[in-house]
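Chains as they are written, first to last, in the UniProt record's numbering: chain A, 1 to 125; chain B, 1 to 125.
Please read the structure below before turning to the comments.
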């Protein structure tokens with residue numbers, strides 16, 4: 001190890017975020033990326049075939065809609081894992097700040113391509 | 001999916017913690033465990049040969065000591081990843097609450113066995 005490992009300040013990471021639904025990688029741990037994102041409105045129904053996705057709400061409120069008109073409502077301090085293969089749709093009726101943990105390979109709109117889809121390169125930029 | 005995936009409240013998870021240096025698993029995401037722990041004092045110098053370990057400080061202050069008298073000081077909102085193979089020693093001069101992300105296989109004192117070492121079974125109990 002030459003230099004010391006970096007420390008990321010989460011508030012500063014959120015401060016750098018300009019756009020909604022545009023996750024940014026803050027750090028990698030093993031094969032997972034930790035990302036920050038600001039959400040407002042609705043993303044898109046999608047699933048990640050082989051990848052669990054962890055949501056940790058820092059600010060605001062996030063609804064994860066599931067099939068059969070079911071949903072969970074997450075507030076600050078809530079940790080929720082959407083299991084691999086499960087169809088879901090994140091909805092933020094007010095601005096919501098989240099931390100995500102998911103494999104480095106995960107595409108944030110899963111198997112669905114939308115105008116909002118950000119590549120992994122976008123998320124690292 | 002039969003029932004909806006569980007939601008964990010992080011404050012409640014910390015409230016259930018009684019002992020220092022006794023991490024508890026709150027959720028699994030892919031091959032990683034997310035754990036909460038309360039720290040006070042010094043753990044032990046150790047390394048995790050093949051596993052990165054993420055520290056996220058929720059409350060208090062944590063110093064990660066590295067070799068050659070180097071260290072980083074983490075406050076609330078700091079995210080820091082100790083890379084695999086790197087010798088380190090966590091020191092909390094005041095009580096510190098942290099979230100850890102590390103592989104499900106990681107032993108919290110690495111390759112060092114101490115009276116404080118908690119098994120993975122302990123951490124899941």
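Glycine is no exception: its CB is placed at the ideal position from the N, C-alpha and C atoms.
Please read these numbers as outputs of a predicted model, since none were measured by experiment.
Exercise. So residue 117 (chain A) and residue 85 (chain A) are in contact, right, with Cβ under 8 Å, and what is the actual spacing, rounded?
Worked result: In the first chain, counting from the first residue as 1, residue 117 (chain A) sits at position 117. In the first chain, counting from the first residue as 1, residue 85 (chain A) sits at position 85. Approximately 19 Å separates the beta-carbon atoms of residue 117 (chain A) and residue 85 (chain A); this is outside 8 Å, ruling out the contact.
Exercise. Going by other Cβ atoms of all chains shown within 10 Å of its Cβ, with 16 needed for buried, is residue 41 (chain B) buried or exposed?
Worked result: Taking the second chain and counting its residues from 1, the one referred to as residue 41 (chain B) is at position 41. The residue is exposed, with fewer than 16 neighbouring Cβ atoms inside 10 Å.
Exercise. What is the rounded straight-line gap between the Cα of residue 101 (chain B) and the Cα of residue 75 (chain A)?
Worked result: On the second chain, residue 101 (chain B) is found 101 positions in, with the first residue counted as 1. On the first chain, residue 75 (chain A) is found 75 positions in, with the first residue counted as 1. So the alpha carbons of these two residues sit roughly 21 Å apart.
Exercise. For residue 16 (chain A) and chain B, any beta-carbon pair shorter than 9 Å?
Worked result: For the purposes of this step, residue 16 (chain A) is identified with residue 16 of the first chain, where counting begins at 1. Output row for residue 16 (chain A): interface = no.
Problem set entry | residue 31 (chain A) versus A:94, A:53, A:44, residue with shortest Cα-Cα distance | Here residue 31 (chain A) is taken as the residue at index 31 of the first chain, counted from 1. From the listed residues A:94, A:53, A:44, the smallest Cα separation to residue 31 (chain A) is found for A:53.
Exercise. Along chain B, in chain order, which residues have C-beta atoms closer than 7 Å to that of residue 4 (chain A)?
Worked result: Here the question's residue 4 (chain A) lines up with position 4 in the first chain. Against residue 4 (chain A), the close residues of chain B are 66, 70, 72, in the order they occur along the chain (beta-carbon pairs closer than 7 Å).
Problem set entry | Residues in the segment 29-54 of chain A having any Cβ partner in chain B nearer than 8 Å | Answer set for the segment 29-54 of chain A: 29, 30, 31, 32, 34, 51, 52, 53, 54.
Exercise. Under the rule that 16 or more other beta-carbon atoms within 10 Å means buried, what is residue 87 (chain A), buried or exposed?
Worked result: Counted from its first residue, the first chain places residue 87 (chain A) at position 87. Burial is judged here by how many other beta carbons sit within 10 angstroms of a residue's own beta carbon; residue 87 (chain A) has fewer than 16 and is exposed.
Problem set entry | Uninterrupted alpha helix (DSSP H) stretches inside the UniProt domain "Cupin type-2" (44-94) of chain B (no shorter than 4 residues) | As far as the UniProt domain "Cupin type-2" (44-94) of chain B is concerned, it has no whole alpha helix (DSSP H) run of at least 4 residues.
Exercise. Taking only beta-carbon atoms, is residue 108 (chain A) less than 9 Å away from chain B?
Worked result: Position 108 of the first chain, counted from the first residue, corresponds to residue 108 (chain A). Residue-level contact by beta carbon fails for residue 108 (chain A) and chain B, as no gap is shorter than 9 Å.
Problem set entry | residue 125 (chain A) versus A:16, A:68, A:72, residue with shortest Cα-Cα distance | Within the first chain, residue 125 (chain A) is the residue found at index 125, counting from 1. Per the Cα distances, A:16.
Problem set entry | Chain-ordered chain B contacts of residue 9 (chain A) [CB-CB under 9 Å] | Indexing the first chain from 1 puts residue 9 (chain A) at position 9. Residues of chain B passing the Cβ test: 75, 77, 78, 79.
For this session: Please check if any C-beta of chain A sits within less than 9 Å of the C-beta of residue 83 (chain B).
Result: Residue mapping note: residue 83 (chain B) aligns to position 83 of the second chain, counting from 1. The beta-carbon of residue 83 (chain B) is placed less than 9 Å from the nearest beta-carbon of chain A.
Problem set entry | Residue environment, residue 51 (chain B), which counts as buried when at least 16 other CB atoms sit within 10 Å | Here residue 51 (chain B) refers to the residue found at position 51 of the second chain. Buried: at least 16 other Cβ atoms inside 10 Å.
Exercise. Do residue 34 (chain A) and residue 62 (chain A) have their C-beta atoms within less than 9 Å of each other?
Worked result: In the first chain, counting from the first residue as 1, residue 34 (chain A) sits at position 34. In the first chain, counting from the first residue as 1, residue 62 (chain A) sits at position 62. Against a cut-off of 9 Å, the Cβ pair of residue 62 (chain A) and residue 34 (chain A) comes out as no contact.
Problem set entry | Helix, strand or coil at residue 39 (chain B) [DSSP, three-state] | Mapped onto the second chain, residue 39 (chain B) falls at position 39. Strand.
Exercise. Taking Cβ positions, are residue 78 (chain B) and residue 56 (chain B) nearer each other than 9 Å?
Worked result: Within the second chain, residue 78 (chain B) is the residue found at index 78, counting from 1. Within the second chain, residue 56 (chain B) is the residue found at index 56, counting from 1. At a Cβ-Cβ threshold of 9 Å, residue 78 (chain B) and residue 56 (chain B) count as neighbours.
Problem set entry | Straight-line Cα distance separating residue 115 (chain A) from residue 24 (chain B) | For the purposes of this step, residue 24 (chain B) is taken as residue 24 along the second chain, with counting starting at 1. For the purposes of this step, residue 115 (chain A) is taken as residue 115 along the first chain, with counting starting at 1. For residue 24 (chain B) and residue 115 (chain A), the gap between their C-alpha atoms comes out near 40 Å.
Exercise. When burial is assigned at 16 or more other CB atoms within 10 Å of the CB, is residue 110 (chain B) buried or exposed?
Worked result: In the second chain, counting from the first residue as 1, residue 110 (chain B) sits at position 110. Residue 110 (chain B) counts as buried, since at least 16 other C-beta atoms from the protein chains shown sit within 10 angstroms of its C-beta.
Problem set entry | chain B contact for residue 27 (chain A) (CB, 9 Å cutoff) | Residue numbering aside, residue 27 (chain A) sits at position 27 when the first chain is read from its first letter. Answer yes: the Cβ-Cβ gap between residue 27 (chain A) and chain B drops below 9 Å somewhere.
Problem set entry | Proximity of residue 65 (chain B) and residue 97 (chain B) at Cβ, strictly below 9 Å | Looking up residue 65 (chain B) in the second chain gives position 65. Looking up residue 97 (chain B) in the second chain gives position 97. No, Cβ-Cβ distance for residue 65 (chain B) and residue 97 (chain B) is not below 9 Å.
Exercise. Just reading off the alpha helix (DSSP H) that residue 122 (chain B) is part of, what are its end residues?
Worked result: In the second chain, counting from the first residue as 1, residue 122 (chain B) sits at position 122. For residue 122 (chain B), the uninterrupted alpha helix (DSSP H) segment begins and ends at 120-124.
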